[in-house]
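Some notes on the structure that comes next.
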Amino acid sequence: MLSQRAAQQALRRLAVQRPAYRYIVPAAVTSSNALVSQRRLAATANLSEAQATDEILAKQRLSRPVSPHLSIYRPQITWYGSILNRITGSILSGGFYMFGALYLVAPYLGWHLETAVLAAAFAKWPLVVKFPLKAIVAWFFTYHSFNGVRHLMWDMASMISNKQVNQTGWAVVGLSTVAAVGLALL
1 MLSQRAAQQA LRRLAVQRPA YRYIVPAAVT SSNALVSQRR LAATANLSEA
51 QATDEILAKQ RLSRPVSPHL SIYRPQITWY GSILNRITGS ILSGGFYMFG
101 ALYLVAPYLG WHLETAVLAA AFAKWPLVVK FPLKAIVAWF FTYHSFNGVR
151 HLMWDMASMI SNKQVNQTGW AVVGLSTVAA VGLALL
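Numbering (UniProt numbering), first residue to last: 1 to 186.
See below:
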């Protein structure tokens with residue numbers, strides 16, 4: 001600790017001494033006078049404030065680099081995983097909130113949203129409608145759940161390499177599809 005402080009103080013003393021170019025000479029500086037004589041000239045012009053602002057901004061826009069669009073990148077499972085995790089979470093939570101609000105308002109409107117009534121109404125639907133609806137809701141739930149476990153693993157600094165991230169991304173998609181079909185068949 002003491003040696004570090006001594007080195008820092010010595011470097012500070014060297015930096016304060018004049019002329020500094022004796023100790024640090026850039027490759028571009030060829031003579032000792034070049035460093036001292038360097039200066040930057042500013043160009044000025046008489047313009048109205050509005051005109052100056054418009055012209056300056058137009059010139060700045062022309063010289064700005066164009067940001068690349070997402071369409072130039074190759075899509076990755078991590079993109080789709082992140083997007084789907086947000087979409088499934090929003091749909092599930094939005095559905096629960098909407099059903100909860102309807103359940104609270106239903107008695108005042110004369111609706112019957114009791115479990116027995118809902119189960120009886122759902123049982124009357126044809127299998128062609130019932131199975132896909134159950135599979136979609138089950139897939140949203142299982143995907144969001146499995147992807148949440150995947151994110152918890154990342155929080156513990158596990159399975160973070162690029163190869164493992166891709167493998168776990170596809171594993172989550174596969175597991176959630178198999179689990180959704182299994183739940184829809186119940």
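Glycine is no exception: its CB is placed at the ideal position from the N, C-alpha and C atoms.
(Q) Let's see if you can read the secondary structure: which residues bound the alpha helix (DSSP H) around S82? (A) Sequence index remark: in the sequence shown, residue 82 carries index 82 (1-based). Where S82 is concerned, the enclosing alpha helix (DSSP H) stretches over 77–109.
Q.
Going by DSSP in three states, W154 sits in which element: helix, strand or coil?
A. Here residue 154 corresponds to residue number 154 of the sequence shown, with the count starting at 1. The answer is helix: DSSP assigns W154 an H, G or I state.
Q) At what residues does the alpha helix (DSSP H) containing E55 begin and finish? A) In the sequence shown, the residue the question calls residue 55 occupies position 55. Where E55 is concerned, the enclosing alpha helix (DSSP H) starts and stops at 49–63.
Q. Hey, would you say F141 sits closer than 9 Å to A106, going by beta carbons?
A. Residue mapping note: residue 141 aligns to position 141 of the sequence shown, counting from 1. Residue mapping note: residue 106 aligns to position 106 of the sequence shown, counting from 1. At a Cβ-Cβ threshold of 9 Å, F141 and A106 do not count as neighbours.
Q. Does the beta-carbon distance from A184 to F122 come in below 9 Å?
A. Indexing the sequence shown from 1 puts residue 184 at position 184. Indexing the sequence shown from 1 puts residue 122 at position 122. Contact flag unset, no.
Q. What is the rounded straight-line gap between the Cα of D54 and the Cα of H69?
A. Along the sequence shown, one-based indexing puts residue 54 at 54. Along the sequence shown, one-based indexing puts residue 69 at 69. Pairing D54 with H69, the inter-Cα distance amounts to about 27 Å.
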